[in-house]
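Undergrad:
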Amino acid sequence: QVQLVESGGGLVQPGGSLRLSCAASGSVYSISYMAWYRQASGKQRELVAGITSMGRTNYADSLKGRFTISRDNTKGTVYLQMSSLNPEDTALYYCYALSTGRPRWGQGTQVTVSS
105 QVQLVESGGG
115 LVQPGGSLRL
125 SCAASGSVYS
135 ISYMAWYRQA
145 SGKQRELVAG
155 ITSMGRTNYA
165 DSLKGRFTIS
175 RDNTKGTVYL
185 QMSSLNPEDT
195 ALYYCYALST
205 GRPRWGQGTQ
215 VTVSS
């Protein structure tokens with residue numbers, strides 16, 4: 105099985121940047137796709153960005169240009185670089201992995217954008 109642990113969340117001022125990390129452990133060789141989702145209070149969970157094992161990326165249209173996803177296959181880690189953050193980006197950010205066709209989720213890391 106694959107386990108996912110997110111880190112890097114916290115409080116940041118509007119306009120600031122933050123980098124999230126998601127470390128995968130276990131059968132990392134089985135992961136074909138990793139992504140970041142987020143869920144704001146009272147809203148549905150939504151896709152932020154995803155990346156395949158070959159490095160192909162996809163983004164939520166509204167976040168293109170501000171968020172960048174990357175992946176280090178040797179470490180089984182995926183990153184989310186976030187810039188120009190605004191209060192609407194406040195949410196619990198979840199790491200997701202598709203492992204042998206099965207979805208895996210991390211516990212989430214809170215990102216709060218506030219002055």
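For the sequence shown, position 27 matches number 131 in this note's numbering, and the numbering has no gaps at all. For glycine and all other residues, C-beta sits at the position ideal for the given N, C-alpha and C. All of these numbers come straight from a predicted model, not from anything done at the bench.
When burial is assigned at 16 or more other CB atoms within 10 Å of the CB, is M158 buried or exposed?
TA: exposed
Undergrad: Find out if the Cβ-Cβ distance for the pair S203, I135 is shorter than 9 Å.
TA: yes
Undergrad: For Y133, which residues from the same chain have a beta carbon less than 7 Å from its beta carbon, with the 5 sequence-adjacent residues on both sides left out?
TA: none
Undergrad: Quick one: what's got a C-beta closer than 8 Å to P191's C-beta in the same chain, skipping five residues either side?
TA: P118, V217, S218
Undergrad: Under the rule that 16 or more other beta-carbon atoms within 10 Å means buried, what is W209, buried or exposed?
TA: Exposed is the call here.
Undergrad: Sort R160, L184, T213, A201 by Cα distance to Q107 and report the nearest one.
TA: A201
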